[in-house]
Structures are given as structure tokens and as C-alpha cells.
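In what follows, a single structure is set out as C-alpha cells and then discussed.
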Amino acid sequence: MSDPTTPARLQYVSIPAAARMFGRSEQTIRNWLHRGYLTPYRAPGERGVRVNVQQVRDMLRSQPPSRVHRARRITHAAKPLPASAR
1 MSDPTTPARL
11 QYVSIPAAAR
21 MFGRSEQTIR
31 NWLHRGYLTP
41 YRAPGERGVR
51 VNVQQVRDML
61 RSQPPSRVHR
71 ARRITHAAKP
81 LPASAR
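For the sequence shown, the UniProt record's numbering gives the first residue as 1, with consecutive numbering after it.
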């Protein structure tokens, strides 16, 4: 009997698929791989890297909730262009 944690038994997806599944950018997934937060997997004979879906879920759960950034208010009006610049 094979080990249930072998790659064939776990769900691995491409970086673009992981980004779509979890509402993150592909660059975010790549950053997590680069920083060692996720373990990359490359199937024999395939191009590209895959990531473990459960590992991405665990990564998202461990992150603190994101803060909502509000747009800054304009505190002064821009000066009009001089007639010669129009």
C-alpha cells in the first residue's frame, strides 16, 4: 500500500489555477513559493510548478485579516493650468 501523502494522493494545481481558486494574484503565489511559505512540486515530464491546495489554504488561514485601505481625501484643489499651457 502506498503512503497517502504521496503527490499522487494530494491535490496539486498550477500557479494560475491556485491564484484563481483563492482570489490571489499569480505573483502572490510565486512570492509565497520564493519565500518558502509553499513547497513547489514539479511532475516528471511537465513544465511549470504546482502547489498543494491544502498548503495554500493553510497559508491563507495563518494570515491576519487584511486591513481595508481607504482612499485619501484631497485636501486642496489643484491649481488651474495657465492659458499658455492649454
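In this text, a Cβ means the ideal position worked out from N, Cα and C, and glycines have one as well.
{"Query": "Exposure of L81, with buried meaning 16 or more beta-carbon neighbours within 10 Å", "Result": "exposed"}
{"Query": "Nonlocal neighbours in the same chain, by C-beta distance under 8 Å from P16, ignoring five residues either side", "Result": "E26"}
{"Query": "Whether Y41 touches V51 by CB criterion (8 Å)", "Result": "yes"}
{"Query": "Status (buried if at least 16 other CB within 10 Å, exposed otherwise) for A85", "Result": "exposed"}
{"Query": "Coil, strand or helix - M1 by DSSP", "Result": "In this predicted model, M1 has a pLDDT of only 47, less than 50, meaning its place in the structure is not dependable; the value taken from the coordinates is given anyway. Correct three-state label for M1: coil."}
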